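Colleague:
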Amino acid sequence: MEDKKKIILSGIQPTGVITLGNYIGAVKNWKQMQEQFDCIYFIADLHALTVKREPQEFRQTALGFFAQYLAMGLDPEKSILYFQSHVHQHAELQWILNCNTYVGETARMTQFKDKSQKHADNINMGLMDYPVLMAADILLFQTDLVPVGIDQKQHLELARDIAIRFNNRYGETFTVPDAYIPNLGAKINSLQDPTSKMSKSDPDPNAYVSVIDDEATIIKKFKRAVTDSGNEICVREDKPGISNLITIYAAIEDKSVSEVESEFSSCSGYGAFKLAVGEAVAAKFRPIREDYQRYVKDKGYLEQVAKSGAERAAYLAEKTLRKVKKRVGLISF
Ligand code: TRP
């Protein structure tokens, strides 16, 4: 890697499935960024432990996510791809950052409050410490830019606060990261409730499309997508369902919204439009699904990619961690 390029870092928790929303809102852009930046993409498996998981299923999901990263075009020749839990420096830096973060700062995070309500029987320490681990993920690599959705913005703000505070207290140590909002990073909503975000853990599987759903399933889900009254195909505030479908089609076909609107201006109705969107998505995901099926069967290859990714990540992470330990006064011989 050349050192002049900016460093980009992001991760996804291996829970549920990677959806069309994750693809359009995140991974499609991650793929493009590989050409321009030094990118680090990991599977945030430690973060996922903040909610109770069935170990066997969790392991399968995490490995499947890694295979999907590769199938979606994240390239181990261009980027560093690995599992967070394979690089112990994440958890180690988290401890030192914990000692420089106030309980009040994490307790007021919106996601912590939401998750505490949702998992009232399991408000564990990890749930509250989640954003400090995320700060460690980011600061460990002297990350310049973090592509995040709106729901993670508050966590990124905290990471910045922690970095600035640490730098002031101990001297310049961390790059202060900025949010990176890619211009194409459209937000995709649920197919069943188009006023809320498409979630990868929605209990209703008709609400989302997975990047590895087969063609018939994808088309069926689009046919069932909730639409609005009327029959005009255009983006408008009172048409959340059709607007969402237009956004999806535009992102998948790399077209602008107005191009899509005029393409379908004489369309015979919502049914035909929903089918066209379903077919476009199914065609886009076919090679991803096929590559995924190849990768997921090849454990040896996945292991080799993950190991070499973790080694490269650990090398960079250790540089920062060594500096941090020295700054705070830990002895090194
Ligand atoms: N918290 C993020 C999410 O759920 C995942 C994540 C973990 C992450 N560590 C990160 C994202 C560091 C960006 C940078 O979406």
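Numbering-wise, my numbering comes out as the position in the sequence shown, counting from 1, plus 5.
Cβ atoms here follow ideal geometry from the backbone N, Cα and C, with glycine treated the same way.
All values derive from a computational prediction rather than experimental measurement.
1) If we ignore side chains and look at the alpha-carbon of each, how far apart do F63 and L307 end up?
2) Using DSSP bridges, identify the partner residues of G246.
3) How many whole angstroms separate the CB atoms of R332 and T178, which I take to be in contact at a CB cut-off of 8 Å?
4) Use the C-beta contact count for D50: other C-beta atoms within 10 angstroms, 16 or more gives buried, fewer gives exposed.
5) Any chance the CB of H52 is under 7 Å from a heavy atom of ligand 1?
6) In or out: C44 buried (at least 16 other Cβ within 10 Å) or exposed?
7) For G69, which residues in the same chain have their Cβ closer than 7 Å to its Cβ, ignoring the five residues on either side in sequence?
8) Could you spell out where the beta strand (DSSP E) holding L14 opens and where it closes?
9) Check each candidate in T232, V214, K118 and name the one with the smallest Cα separation from I224.
10) Inspect the CB distances between the segment 120-131 and the segment 31-43 and report whether three or more fall short of 8 Å.
11) Could you give the distance in angstroms between the alpha-carbon of I293 and the alpha-carbon of A281?
12) For ligand 1, is there a heavy atom less than 7 Å away from the beta-carbon of D142?
13) Roughly how far, in whole angstroms, is the beta-carbon of Q1 from the beta-carbon of A53, given that I think they are within contact range, below 8 Å?
14) Is the beta carbon of I336 less than 8 Å from the beta carbon of I193?
15) Is it right to say P210 is buried, meaning 16 or more other beta carbons lie within 10 angstroms of its own, or is it exposed?
16) For F338, count neighbouring Cβ atoms within 10 angstroms of its own Cβ and tell me buried if that reaches 16, exposed if not.
17) Check whether the segment 158-171 and the segment 220-239 are in contact - that is, three or more C-beta pairs closer than 8 Å.
Modeller: With the given structure in hand:
1) Looking up residue 63 in the sequence shown gives position 58. Looking up residue 307 in the sequence shown gives position 302. In a straight line, the C-alpha of F63 is about 16 Å away from that of L307.
2) Walking along the sequence shown from the start, residue 246 turns up at place 241. In the DSSP output, where bridge partners are listed per residue, G246 has none listed.
3) To locate residue 332, count along the sequence shown from 1; it is residue 327. To locate residue 178, count along the sequence shown from 1; it is residue 173. So it is a contact: roughly 6 Å between Cβ atoms.
4) The sequence position of residue 50 within the sequence shown is 45, counting from 1. Counting Cβ neighbours within 10 Å, D50 comes out buried, since at least 16 surround it.
5) Position 47 of the sequence shown holds residue 52. H52: yes, Cβ under 7 Å from ligand 1.
6) Position 39 of the sequence shown, counting from 1, holds the residue named residue 44. Classification of C44: buried, given that the 10 Å Cβ count is 16 or more.
7) Indexing the sequence shown from 1 puts residue 69 at position 64. Correct list, in chain order: V301.
8) On the sequence shown, position 9 is the one that residue 14 refers to. Residue range 12-17 is occupied by the beta strand (DSSP E) that includes L14.
9) Translated into positions along the sequence shown, residue 224 becomes position 219. Ranked by Cα distance from I224, the options T232, V214, K118 are led by V214.
10) No, they do not touch.
11) Counting from 1 along the sequence shown, the entry for residue 293 is found at position 288. Counting from 1 along the sequence shown, the entry for residue 281 is found at position 276. Cα atoms of I293 and A281: separation of roughly 19 Å, rounded to the nearest angstrom.
12) Stepping through the sequence shown from its first residue, residue 142 is reached at position 137. Distances between the C-beta of D142 and the heavy atoms of ligand 1 include at least one below 7 Å.
13) Shown here, the chain extends from 6 to 338; a query on residue 1 therefore has no answer.
14) Along the sequence shown, one-based indexing puts residue 336 at 331. Along the sequence shown, one-based indexing puts residue 193 at 188. I193 sits away from I336, with the two beta carbons spaced by 8 Å or more.
15) The residue labelled residue 210 in the question sits at position 205 within the sequence shown. Exposed, because fewer than 16 other Cβ atoms sit within 10 Å of the Cβ of P210.
16) As a position in the sequence shown, residue 338 is number 333, starting the count at 1. Exposed: under 16 other Cβ atoms inside 10 Å.
17) The segment 158-171, when compared against the segment 220-239, does not touch it at the 8 Å Cβ threshold.
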